[in-house]
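Participant: Supplied in structure tokens, the structure appears directly below.
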Amino acid sequence: MKKILTGTLGWVDDRIPVVSTWEKHLSKYYAPKNFNFWYIFGVLSMLVLV
455 MKKILTGTLG WVDDRIPVVS TWEKHLSKYY APKNFNFWYI FGVLSMLVLV
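This note's numbering puts the first residue of the sequence shown at 455, with every later residue one more than the last.
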């Protein structure tokens with residue numbers, strides 16, 4: 455069953471690269487090591503103001 459599901463997911467991902475896009479942009483994003491209060495405050499304020 456797992457082999458069929460993996461093959462089907464691979465077939466769909468070859469045609470519509472949803473999984474590879476998810477991995478490239480969201481799940482394997484390397485965050486900087488210097489996160490602090492001001493960094494998060496700046497990101498949140500930019501999100502609110504834009």
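Each residue gets a CB set at the ideal place from its N, CA and C atoms; glycine is no exception.
Consult DSSP for PHE491 and reduce its assignment to one of helix, strand or coil.
Facilitator: Helix at PHE491.
Participant: Would you identify the three-state DSSP class for MET500, choosing helix, strand or coil?
Facilitator: Note: MET500 maps to helix in three-state DSSP.
Participant: Using 9 Å as the threshold, is the C-beta distance between VAL473 and LEU463 below it?
Facilitator: Result yes, Cβ atoms of VAL473 and LEU463 sit closer than 9 Å.
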